[in-house]
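Residue numbers (this note's numbering): 22 to 313.
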Ligand SMILES: [Fe+2]
Ligand SMILES: [Fe+2]
């Protein structure tokens with residue numbers, strides 16, 4: 022059986038278009054200042070372009086993108102990101118879940134997240150949790166993006182989405198598929214209170230009960246690896262650095278992970294290669310095998 026190859030990147034934080042004054046009468050003013058002071062030096066269009074070129078050269082079967090395409094959720098940012106996604110590939114080949122910067126403040130869906138609907142919807146056209154089946158892989162997109170207070174970068178799954186995601190995991194597990202959950206905020210090792218997934222506990226417990234083979238997340242802007250002990254066995258929980266980051270001002274250099282997933286007897290063999298920014302291009306940084 023040939024392996025299914027899945028690319029994972031996250032947190033591109035595309036360059037902030039100049040906001041209009043009227044758009045800054047909210048929490049957005051803090052985000053715009055943060056962009057001017059720090060983020061624009063870290064998140065660079067040329068780094069993201071180099072990552073995309075490297076990703077294309079590896080020709081993965083599918084791409085997972087776990088949120089934070091925007092910075093302060095301006096309509097112009099959603100439009101810019103929609104154009105960037107269209108250039109990246111077809112909606113059937115790319116699965117997106119939003120991040121907290123894609124719900125920085127409440128935005129009318131028509132000029133906000135609906136712009137990316139084709140990249141986020143399940144195979145049935147419905148919203149989150151969104152199930153897409155590609156070969157023997159079940160991709161389950163979970164939305165944690167919800168407007169929060171001025172100083173919060175937190176997220177929320179919600180009881181209804183947790184229950185629906187557990188149902189999808191149960192169903193696809195019974196079908197013998199390799200279940201991959203895509204989520205912006207890490208559901209384990211959730212980090213500082215200000216940045217964490219508010220209901221990480223109940224969501225992680227639901228994953229453990231329902232079973233999952235792999236959880237991919239963003240938000241941390243750093244490589245991380247944790248584990249869930251599920252009824253189906255241990256499941257790795259893996260985060261990547263920002264796809265556009267230069268290694269300056271304590272930022273971790275941009276990287277993306279390439280997963281090769283194949284059935285091995287009764288288990289799934291998952292091989293991971295990390296491609297990281299080295300100089301102006303991307304090269305292998307690490308390679309390891311996971312057994313789910
Ligand atoms: Fe981010
Ligand atoms: Fe984030």
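Even glycine gets a Cβ: it sits at the ideal position worked out from N, Cα and C.
From what residue to what residue does the alpha helix (DSSP H) around residue i run?
i	result
residue 77	66–79
residue 13	The requested residue 13 is not part of the displayed model; the chain covers only 22 to 313.
residue 188	180–195
residue 105	96–109
residue 51	49–55
residue 167	Premise fails: residue 167 is in no alpha helix (DSSP H) and is neither H nor E.
residue 228	221–231
How many angstroms separate the CA atom of residue i from the CA atom of residue j?
i	j	result
residue 265	residue 98	16 angstroms
residue 148	residue 239	20 angstroms
residue 208	residue 78	31 angstroms
residue 96	residue 254	43 angstroms
residue 61	residue 36	7 angstroms
residue 56	residue 70	19 angstroms
residue 119	residue 166	6 angstroms
residue 197	residue 28	22 angstroms
In the DSSP assignment, find the unbroken beta strand (DSSP E) run with residue i in it and report its ends.
i	result
residue 255	254–260
residue 288	288–299
residue 151	151–155
State the beta-bridge partners of residue i as determined by DSSP.
i	result
residue 29	85 and 278
residue 238	204 and 260
residue 116	85
residue 251	254
Please tell me whether residue i has its Cβ less than 7 angstroms away from any Cβ of chain C.
i	result
residue 27	Absent here is chain C; the protein component of the structure consists of one chain.
Given 6 angstroms as the limit, tell me if residue i has its C-beta closer than that to any heavy atom belonging to ligand 3.
i	result
residue 46	Ligands in the displayed structure: ligand 1 and ligand 2; ligand 3 is not one of them.
Contact set, ligand 1 heavy atom to C-beta under 5 angstroms: The set of residues whose C-beta lies within less than 5 angstroms of a heavy atom of ligand 1 reads, in chain order, 32 and 89.
The stretch 101–120 in contact with the stretch 133–148 per 3-pair CB rule at 8 angstroms: With a cut-off of 8 angstroms on Cβ pairs, the stretch 101–120 is in contact with the stretch 133–148, counting three or more such pairs.
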